[in-house]
Each structure stands twice: as structure tokens, then as C-alpha cells.
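Residue numbers (UniProt numbering): 1 to 472.
In this text, a Cβ means the ideal position worked out from N, Cα and C, and glycines have one as well.
Everything below concerns the one structure shown next.
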């Protein structure tokens with residue numbers, strides 16, 4: 001069970017953490033790096049895996065492709081003249097690539113890094129729909145395997161988040177359940193996917209191209225066609241989503257003993273609010289259509305306007321990623337984080353989990369065995385010993401009666417199976433102005449329960465209020 005969380009607890013989760021991020025030079029990676037640094041300046045370190053020939057080149061890529069982007073202007077204004085020192089302290093470039101085992105790092109680097117990492121975010125991917133099969137396989141499949149293998153070497157690792165895509169589901173219709181993709185599972189009936197065989201196919205094809213002295217252009221074309229052919233054979237529309245699906249299969253088949261979250265965003269678009277509304281870079285998916293229309297070079301397009309387009313702003317994806325990491329690293333139930341009771345010496349008492357029964361019969365049977373029988377035995381022993389346990393017996397007897405009376409009192413309501421009609425109330429709601437606050441916002445007349453966040457209400461409003469105002 002994931003407990004209720006607020007913004008402060010999410011931000012607090014990243015305090016003092018060392019985080020390895022792959023894919024930081026990509027659009028989503030930049031948004032993530034900026035957000036963490038902006039909301040949690042006390043993060044310990046962000047290790048950014050950068051493809052570069054040497055450390056200086058990696059630093060230069062971070063300066064020009066990440067820190068130098070407009071998205072970091074808000075952070076620069078926040079830190080002023082100390083911005084460069086802040087970045088130097090918090091960001092550590094790593095020269096490496098996920099397509100290699102251990103990212104290509106030497107043993108000393110690997111050992112030092114593994115000891116420090118608390119969180120891994122694997123955002124590295126090739127997102128080209130029609131990428132070369134060998135390139136897409138190296139990054140989206142083997143790359144995932146290598147990052148997971150590194151995670152297994154990190155003794156402090158508390159969370160591994162992998163960025164996938166909603167379209168690993170292919171072109172299914174109707175409700176698509178959120179479930180793991182099993183090893184070998186395909187979207188085309190009668191086929192079975194063997195990832196090892198696909199790897200061999202890639203290697204053999206590359207050897208054939210080399211043996212036939214094919215040109216670079218011919219080789220690129222052959223590998224692109226191979227990727228598309230294999231994807232469609234198994235039921236996926238393109239090489240990108242096909243290899244991302246295999247990457248998920250790899251994760252599900254590895255001996256992993258740390259918390260893992262796979263996030264599957266749909267089509268990612270520009271930022272909605274943070275840190276700059278509408279920020280993006282490069283032409284992404286649907287943007288080609290927008291630009292084509294604006295330039296009047298695309299007079300028609302294949303689309304069903306009655307369907308809902310699945311797009312999501314980049315900052316919302318990053319928000320979901322950060323909340324997911326904080327939430328799945330450990331359970332956060334209200335009473336475990338905010339114990340309301342203290343013992344006789346003022347120490348906090350960890351409450352036991354409440355048990356629930358759905359029928360009166362089972363409740364009474366449980367109470368009889370668990371409480372009534374022991375209570376009756378205590379009563380007889382107390383009589384035999386001339387009232388030695390009278391005080392204990394009376395105390396337990398009162399507790400038992402209280403539990404039974406309270407349960408019987410609320411049973412007609414807690415076990416109520418009816419559903420109240422609210423047509424008249426709904427008519428009244430519809431008769432109200434949508435903006436039903438007074439001019440200065442001092443009061444309002446909203447009474448639509450559909451907009452209540454019940455988890456937030458009970459955990460952050462009702463329960464704390466009960467504990468505060470009934471303490472005496």
C-alpha cells in the first residue's frame with residue numbers, strides 16, 4: 001500500500017541522495033535534472049552518464065547541452081553568482097555509455113560509484129521510430145540489462161526507475177491493462193520472441209554486411225528494414241516500441257532485489273508550467289504535423305478526430321517520476337509517519353494494522369475465540385484466586401464491551417449496500433455558477449464530492465483534526 005504523500009515529502013526524499021541518471025542530455029533528462037536541483041538543492045550528487053571521448057568533453061556537453069539551455073534560467077536566477085559553484089558541487093559527469101558492460105568505466109571508477117548510488121534513473125534510449133535494428137537493440141535492450149547489472153552492484157540502492165513508453169502495448173484496442181510484459185510475450189498470435197535469437201540475428205546480419213563490403217548507406221538501410229520487419233513480425237508497429245518492449249522483458253527476467261518502477265508515458269510534449277511554460281527542444285512526433293500545417297506544407301493528414309490523442313507535457317512526466325520514486329522506495333502510511341499515540345514514558349508507539357471483517361457472523365466468531373473465551377477463563381481463575389485478577393478482568397471486560405457496542409452501533413452504516421440517488425442535488429449543483437466563490441475568495445458554495453481528494457482529506461485534514469481536538 002502506498003501511503004498519502006505531499007509535495008514536501010517528495011522533495012524531502014531526494015535530500016542527501018546520490019542519483020545516477022542516464023539520458024540526461026535528452027529532453028526528459030534535462031527537465032528531470034533541472035527539477036531535482038531546483039526543488040532540492042540539498043541533493044548530494046547527480047551523476048550524469050555522458051557519451052564523450054574524455055572527461056573534459058563530457059563537461060563541455062553538460063555545459064552546452066544541459067546547463068546552457070533556457071530551461072535552466074530560473075535556476076540560474078535563484079543562485080545568482082553562486083550558480084556555477086552549485087553546479088560544480090552537485091553534478092558529476094561520467095564518461096560512459098549504457099551499451100557497454102559497466103558503462104565502459106574502469107574498476108576503480110566503478111567501485112567508487114557503486115558505493116555512493118542511492119537511486120538510478122534509466123532514461124537513455126534511442127527514440128527514432130525507424131532506428132537501425134543494431135543501434136536500437138544495443139541501447140533499448142542490452143543497455144537496460146547493463147544498467148540493471150550495475151544496480152545489482154550498488155549496496156545502497158533504494159530505487160531503480162526505468163523510462164519506457166505507453167506504446168509497448170502496440171496497436172491494441174479497448175482497455176489496455178497496466179501489467180508487466182513477460183519474457184517471450186508478443187502481440188501477434190502464434191509467435192514467440194526469443195531475445196537471444198534476435199541478438200544473434202543482429203550480429204549475423206552485421207557480419208554478412210561486412211563480408212559483402214556493403215556501403216555505409218546500404219548497411220544503414222538494411223538494418224533499418226530488418227528492425228521494422230522483426231517488429232511487425234511480432235506485432236509491434238516500429239523498431240522503437242519493439243525494442244523498448246524487449247527492454248522491459250529483460251528487466252522482468254533479471255534477479256533484481258531492489259525496488260523497480262517502470263514509467264510508461266505516452267507522447268511527450270513541451271512543459272506545461274515548470275520551469276518555463278511551453279519549453280521544448282527539437283521537433284518531437286506530433287510537432288512535425290503542427291509545423292507542417294503552420295508552413296502550409298502539409299495540406300492533409302491521416303487522423304481520426306473522434307479519438308483522444310494521448311499526449312503528456314514533459315514536466316508532468318517528470319513530476320510523476322519523482323513522486324513514483326519517493327512513493328515506491330518505502331510505504332508511507334499516515335500513522336506510521338505520524339504516530340498519534342505515545343507510551344507512558346512519552347515514546348512513540350507503532351500501531352498494529354487494523355483488521356476488517358465484511359460480515360457480522362465472522363466478526364462475532366472472531367471476537368468469541370479471540371476475546372470472550374480468554375476473558376471467561378480469566379474470570380474463573382479470578383474467582384478461584386479470591387479476586388487477585390479483579391482489576392485486570394474489569395479492564396479487559398470494559399474494552400471488550402466497548403468494541404462490541406461500537407461495532408454493533410455502526411454495522412448498519414459500515415455494511416450498508418444501498419446507493420443513494422442524488423438527482424435533485426445534482427440539479428442544484430448545475431444551477432450554481434461554476435465560479436461559485438465570492439469576490440475576495442473568503443467563502444464558496446461548492447458541494448460536489450466528486451472533486452474531493454478523499455485520501456488527502458482523511459490523511460491530512462480529518463485524522464489530524466480528530467487527533468488534535470479530541471486529545472484530552
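Inter-residue Cα distance where the pair is residue i and residue j
i: residue 32; j: residue 318; result: 6 Å
i: residue 185; j: residue 312; result: 27 Å
i: residue 342; j: residue 392; result: A caution first: residue 342 carries a pLDDT of 48, below 50, which makes its placement in the model too unreliable to give a value.
i: residue 327; j: residue 132; result: 37 Å
i: residue 125; j: residue 266; result: 15 Å
i: residue 112; j: residue 105; result: 11 Å
i: residue 81; j: residue 72; result: 14 Å
i: residue 325; j: residue 102; result: 23 Å
i: residue 473; j: residue 369; result: In the structure displayed, the chain extends from 1 to 472; residue 473 sits before or after that span and is not available.
i: residue 398; j: residue 385; result: 21 Å
i: residue 34; j: residue 232; result: 38 Å
i: residue 277; j: residue 26; result: 18 Å
i: residue 12; j: residue 196; result: 42 Å
i: residue 402; j: residue 395; result: 11 Å
i: residue 379; j: residue 388; result: 10 Å
i: residue 141; j: residue 78; result: 39 Å
i: residue 7; j: residue 322; result: 10 Å
i: residue 365; j: residue 383; result: 26 Å
i: residue 214; j: residue 202; result: 16 Å
i: residue 279; j: residue 314; result: 9 Å
i: residue 469; j: residue 375; result: Note that residue 469 scores 34 on pLDDT, short of 50, meaning its location in the model is unreliable; the coordinates nonetheless yield the value given after this. Looking at the two C-alpha atoms, the distance is approximately 33 Å.
i: residue 225; j: residue 219; result: 10 Å
i: residue 150; j: residue 164; result: 19 Å
i: residue 55; j: residue 204; result: 34 Å
i: residue 255; j: residue 50; result: 27 Å
i: residue 153; j: residue 160; result: 13 Å
i: residue 183; j: residue 234; result: 13 Å
i: residue 177; j: residue 212; result: 46 Å
i: residue 269; j: residue 275; result: 14 Å
i: residue 253; j: residue 193; result: 14 Å
i: residue 52; j: residue 189; result: 43 Å
i: residue 146; j: residue 247; result: 11 Å
i: residue 36; j: residue 42; result: 9 Å
i: residue 409; j: residue 360; result: Residue confidence for residue 409 is low, a pLDDT of 48 falling below 50, so the modelled location carries little weight; the figure read from the coordinates is stated next. Rounded to whole angstroms, residue 409 to residue 360 spans 12 Å at the Cα level.
i: residue 242; j: residue 362; result: 50 Å
i: residue 481; j: residue 310; result: Beyond the ends of the chain as shown, which are 1 and 472, falls residue 481; an answer cannot be given.
CA nearest to the CA of residue i, picked from the options
i: residue 40; options: 55, 15, 25, 278; result: 15
i: residue 258; options: 201, 162, 310; result: 162
i: residue 93; options: 65, 268, 371; result: 65
i: residue 20; options: 36, 34, 46; result: 46
i: residue 84; options: 160, 67, 51; result: 67
i: residue 229; options: 129, 141, 315; result: 129
i: residue 271; options: 11, 13, 30; result: 30
i: residue 371; options: 360, 387, 404; result: 404
i: residue 136; options: 205, 62, 240, 53; result: 240
i: residue 91; options: 109, 110, 44; result: 44
i: residue 209; options: 227, 222, 199; result: 222
i: residue 127; options: 168, 55, 390; result: 168
i: residue 69; options: 281, 160, 237, 359; result: 281
i: residue 191; options: 172, 166, 236; result: 236
i: residue 38; options: 75, 109, 63, 97; result: 75
i: residue 63; options: 42, 88, 53; result: 88
i: residue 123; options: 367, 360, 262; result: 262
i: residue 373; options: 400, 242, 310, 110; result: 400
i: residue 155; options: 134, 117, 108; result: 117
i: residue 134; options: 260, 206, 310; result: 206
i: residue 28; options: 198, 320, 238; result: 320
Pair within 7 Å by beta-carbon distance, residue i and residue j
i: residue 119; j: residue 244; result: no
i: residue 121; j: residue 250; result: no
i: residue 99; j: residue 139; result: yes
i: residue 58; j: residue 95; result: yes
i: residue 329; j: residue 158; result: yes
i: residue 187; j: residue 174; result: no
i: residue 264; j: residue 166; result: yes
Boundaries of the alpha helix (DSSP H) in which residue i is found, first to last residue
i: residue 11; result: 7-13
i: residue 130; result: It is not in any alpha helix (DSSP H) - residue 130 carries neither H nor E in the DSSP assignment.
i: residue 74; result: 73-79
i: residue 374; result: 373-384
i: residue 361; result: 360-367
i: residue 222; result: 216-233
i: residue 114; result: 107-116
Residue span of the beta strand (DSSP E) that contains residue i, given as start and end
i: residue 91; result: 91-95
i: residue 122; result: 119-122
Whole alpha helix (DSSP H) elements within the region 142-197, 4-residue minimum = 143-151
request  = Please list the segments of the alpha helix (DSSP H) lying wholly inside the region 252-284, counting only runs of 4 or more residues, in order along the chain.
outcome  = none
Residue ranges of each beta strand (DSSP E) within the region 28-78, 3 or longer = Runs of the beta strand (DSSP E) inside the region 28-78: 45-50.
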